[in-house]
Amino acid sequence: MMGPLLVTAHVRGAFVPPPPMLDALLGWAVATRDDLPPAFIGVRDLDIPVRLSDCGRVYLCSAPQWSAEWHDKRHINRRFPVHEAMLLGGPKLRRVDERAGPQKAYHLPQETAHAVNDVVRWWCVGDRGALLELLQLVWHLGKRRAVGLGKVVRWTAEPCEPWDGFPVLRDGYPLRPLPLDWPEVAEDSDVGVHVLRPPYWRHHKEEPCWTMTEW
Amino acid sequence: MSETAEARTEEREQPRMFDIRRYEFVMRAAQPIAHHAESIGNEAIVMRKKVRCKGGFALVPIISGDTMRHGMREAAAYALLDAAGLLNDPQLTEAAIRLLFAGGMVTGKGEAAVVKLDQYREMCELVPSMALFGGCANNRILPGRLTVEEATLICEEAAADMPPWALDLHRKEYGDLDGCRAYVEEVQRVRMDPSLTPHVKALMAPSEQVEVNARLAASEQAHDELDHVGADKAKSTMMPRRFERVCQGALFSWGTQAICQSDLDVDTLNVAAAAFLARARVGGKRGTGHGLLVPIAARHIELLRPSDTSRPLDTKALAPKVGQLFRAHVAERSERIKSFLGTVNA
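Taken in order, these protein sequences are the chains called A and B.
If you count by this note's numbering, then the first sequence holds residues 58 to 272, one letter each, in order.
If you count by this note's numbering, then the second sequence holds residues 20 to 365, one letter each, in order.
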């Protein structure tokens, strides 16, 4: 049973901003649950418990609603395994150059943030039970989750009162990237270039669209 | 369809398991931990993270998730090479070393837009740890199913994030929790200049000894004359430096979690965890008595099960028992693994 929902992730600790879109998270959960190989994701639509818009171009869910209480910086260090190369390398492996080329070492800065009250929220029209079941598979949010950033301790999804344009418009302003012909968008809304449906990393699918002011 | 491809298709048609495995550990620093984030001046600063606690935020010492994950990946790689018999005569290519020990990289070689699913499945079959850890091979990023958390110092500031059983253990063994500053000590070490030691100097060529003596004389003279530029030019290579370290005996709470879709996945996860924990060393200065972590208690929690309970896991018994399936699987495919590692683009 689809209905208006407020979905909340209770996060513990820092995460790499921005948090992902809800439809992207659910798509990832479906792909993980069904053990879909990487090629399938994005080739066909995944069955997620969030309603598609009538035009079929976007899922009816907002972008993540959050604000940062504290920003921080950490580094990603990447070094070629020199010790192992010395120990296990064959005769063809004759030199290691850490300054350039494929063996180059990196020390890359990465921004992290703590959300106010440690919560990230999304509005959506969806099936509460199915949505919560899938979200149990999402225990970390955002980039660098494989090394423990963005830990989610709890998911909640509560029915809420919809408003005009719910959940993608509020007072005429977009709460997520929307096609330029979307009705009732305030004229002074920002225009940007984004992907409209998951997976959002398919940059060749980017198109001009209405977008949120902060983006 | 080839026999191997047919067999793989049949394998995929069998019902798959879906098991979320979470292991939680309490680890004791059997030696001081010198895991540093940066250097300020000539002092190395311990790696910390911001933790929300009563009254604001605190900086709590951690061992980063990257370090712990790399330790597991490295342990799994050695286990694979050992089981495939490749440690006796290692002839790995640069790409194979990068794939096994650092997860590989996008090389730009090959056609990333075309994904050969059979090739992907074969890679996961030949290198079981790839399916868990993920990585990048043949110019394509493969998502992993393993999350490795930071090992966080068990202290007052981080208590809210700790598993209750870990806090109970700390209270039982050590009493009440201290603030994180109590666990960090600051020490100084000095790299000596061997030319200042008389019996070492006696080993030098006469002309070199003359040069060293002249430098010492110049240094003394500059010091007497308050000539800072001259003193700097004639200074010895002796280098005092300071560093922070987490004290010996400190306890860390650590967790790792994976989605396992076969018994082999479970065994691979166990091999990686057990092999890493058998000789877990983290941070720097390992050559001078730093970095040894010893697991003292663990909980194996099977999530998404009706009981959803935790039970103690005997960490000492884990190592000898696990890995039978993993070793048999790898040994059976050792020739194919060798051939794969010889040609992989990663």
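Here a beta-carbon is modelled for each residue, glycine too, at the ideal position from N, C-alpha and C.
So with CB distances below 9 Å, who are the chain B contacts of residue i?
i, result
"threonine 213 of chain A", "Going along chain B, no residue has its Cβ under 9 Å from threonine 213 of chain A, so there is no contact; the nearest lies around 18 Å."
"aspartate 245 of chain A", "Near aspartate 245 of chain A there are no residues of chain B at all, since even the closest Cβ is about 37 Å away, more than 9 Å."
"histidine 171 of chain A", "Lys69, Arg71 and Phe76"
"proline 77 of chain A", "The premise fails here: proline 77 of chain A is roughly 14 Å from chain B at the closest Cβ pair, so nothing lies under 9 Å."
"proline 106 of chain A", "Result: empty, since nearest Cβ-Cβ is about 18 Å, beyond 9 Å."
Identify the contact partners of residue i in chain B, using a Cβ-Cβ distance below 8 Å as the criterion.
i, result
"tryptophan 196 of chain A", "Thr166 and Gln276"
"proline 159 of chain A", "Glu113, Arg117, Met124 and Thr126"
"arginine 90 of chain A", "Phe37"
Under 7 Å between beta-carbons, which chain A residues line up against residue i? List them in chain order, please.
i, result
"glutamate 169 of chain B", "Gly205"
"arginine 88 of chain B", "Ala203 and Val204"
"glycine 163 of chain B", "Ala203"
Out of the options, which has the shortest C-alpha to C-alpha gap to residue i?
i, options, result
"arginine 40 of chain B", "B/Asn364, B/Ala293, B/Asp197 and B/Gln280", "B/Gln280"
"leucine 283 of chain B", "B/Ala277, B/Phe345 and B/Pro225", "B/Phe345"
"asparagine 61 of chain B", "B/Val285, B/Arg208 and B/Val203", "B/Arg208"
"tryptophan 212 of chain A", "A/Glu244, A/Asp111, A/Leu198 and A/Pro256", "A/Leu198"
"methionine 59 of chain A", "A/Val209, A/Leu237, A/Val195 and A/Ser110", "A/Ser110"
"alanine 269 of chain B", "B/Val341, B/Ile81 and B/Lys73", "B/Ile81"
"arginine 318 of chain B", "B/Ala297, B/Lys73, B/Gly274 and B/Arg88", "B/Gly274"
"leucine 144 of chain A", "B/Ala103, B/Ala102 and B/Thr112", "B/Thr112"
"arginine 300 of chain A", "A/Glu215, A/Gly146 and A/Ala120", "Outside the displayed span of chain A (58 to 272) sits residue 300 of chain A, for which this structure offers no information."
"leucine 312 of chain B", "B/Val219, B/Gly90, B/Val285 and B/Ala221", "B/Gly90"
"phenylalanine 359 of chain B", "B/Pro314, B/Asp251, B/Leu100 and B/Ala347", "B/Leu100"
"glutamate 155 of chain A", "A/Pro148, A/Arg202 and A/Pro138", "A/Pro138"
"phenylalanine 120 of chain B", "B/Ala102, B/Gly127, B/Asp108 and B/Met149", "B/Met149"
"methionine 87 of chain B", "A/Val204, A/Val209 and A/His251", "A/Val204"
"threonine 89 of chain A", "A/Leu79, A/Ala170, A/Arg114 and A/Val195", "A/Val195"
Give the DSSP-derived three-state secondary structure of residue i in the structure shown.
i, result
"valine 349 of chain B", "helix"
"valine 219 of chain B", "helix"
"isoleucine 116 of chain B", "helix"
"lysine 128 of chain B", "coil"
"serine 246 of chain A", "coil"
"aspartate 282 of chain B", "helix"
"methionine 87 of chain B", "helix"
"valine 40 of chain A", "Outside the shown range of chain A (58 to 272) lies residue 40 of chain A, about which nothing can therefore be said."
"aspartate 38 of chain B", "strand"
"tryptophan 127 of chain A", "strand"
"aspartate 327 of chain B", "In this predicted model, aspartate 327 of chain B has a pLDDT of only 43, less than 50, meaning its place in the structure is not dependable; the value taken from the coordinates is given anyway. It is coil, neither helix nor strand."
"methionine 58 of chain A", "coil"
"lysine 262 of chain A", "helix"
"methionine 357 of chain B", "The residue asked about is misnamed: residue 357 of chain B is lysine in this sequence, not methionine. Of the three classes helix, strand and coil, the one that applies to lysine 357 of chain B here is helix, per DSSP."
"cysteine 143 of chain B", "helix"
"valine 64 of chain A", "strand"
"serine 148 of chain B", "helix"
"tryptophan 273 of chain B", "strand"
"glycine 306 of chain B", "helix"
"histidine 197 of chain A", "strand"
"histidine 189 of chain B", "helix"
Enumerate in chain order the residues of its own chain whose CB-to-CB distance from residue i is below 8 Å, with the five nearest sequence positions on each side excluded.
i, result
"arginine 117 of chain B", "Gly123, Met124 and Ala365"
"histidine 132 of chain A", "His164, Leu165, Pro166 and Gln167"
"histidine 55 of chain B", "Ala63, Ile64, Val65, Met66, Phe262, Glu263, Gly302 and Gly303"
"lysine 68 of chain B", "Leu78, Val79, Ile81, Glu169 and Thr171"
"arginine 366 of chain B", "In the structure displayed, chain B extends from 20 to 365; residue 366 of chain B sits before or after that span and is not available."
"leucine 232 of chain A", "Ser119, Ala120, Gln122, Trp180, Pro224, Val225, Leu226 and Met269"
"cysteine 266 of chain B", "Ala48, Pro51, Tyr202, Val203 and Glu204"
"arginine 27 of chain B", "Confidence is the limiting factor: at arginine 27 of chain B the pLDDT is only 47, short of 50, which leaves the residue's position unreliable, though a coordinate-based value still follows. These residues qualify, in order along the chain: Asp137, Arg140, Glu141 and Glu144."
In chain order, what residues of the same chain have a beta carbon less than 7 Å from the beta carbon of residue i, not counting five sequence neighbours either side?
i, result
"aspartate 212 of chain B", "Ser255, Thr256 and Met257"
"proline 219 of chain A", "Pro61"
Cβ closer than 7 Å: which chain B residues qualify as neighbours of residue i?
i, result
"tryptophan 127 of chain A", "Lys69 and Phe76"
"arginine 69 of chain A", "Asp180"
"aspartate 175 of chain A", "Arg71"
"arginine 202 of chain A", "Thr166"
Please return the same chain residues whose Cβ sits closer than 6 Å to the Cβ of residue i, not counting the five positions on each side in sequence.
i, result
"leucine 323 of chain B", "Caution applies to leucine 323 of chain B, whose pLDDT of 46 falls short of 50 and renders its modelled position unreliable; the model cannot decide the point."
"alanine 98 of chain B", "Val290 and Ala294"
"glycine 153 of chain B", "Leu161, Pro162 and Gly163"
"aspartate 102 of chain A", "none"
"proline 106 of chain A", "Gly183, Asp184, Ala187 and Leu188"
"glycine 84 of chain B", "Val167, Glu168 and Glu169"
"arginine 135 of chain A", "Tyr163"
List the residues of chain C that residue i touches, going by C-beta distances under 7 Å, in chain order.
i, result
"leucine 150 of chain A", "Absence of chain C from the displayed structure is noted, the protein chains being A and B."
For a contact meaning CB atoms closer than 8 Å, what does residue i contact in chain A?
i, result
"leucine 99 of chain B", "Here the premise fails: no neighbours, minimum Cβ distance about 12 Å."
"proline 109 of chain B", "Leu144, Leu145, Gly146 and Gly147"
"phenylalanine 120 of chain B", "Pro138 and Glu141"
"isoleucine 82 of chain B", "Those within 8 Å of isoleucine 82 of chain B in chain A number zero; the least Cβ separation is about 11 Å."
Listing by chain order, which chain A residues have their CB less than 9 Å from the CB of residue i?
i, result
"isoleucine 52 of chain B", "Near isoleucine 52 of chain B there are no residues of chain A at all, since even the closest Cβ is about 17 Å away, more than 9 Å."
Next on the checklist: What ranges does the alpha helix (DSSP H) occupy inside the region 192-259 of chain B, keeping only unbroken runs of at least 4 residues that lie completely in it?
Outcome noted: 217-220, 225-243 and 247-252
Item to check | Length at least 4, wholly inside the region 124-186 of chain A: the alpha helix (DSSP H) runs in chain order | outcome: 139-145
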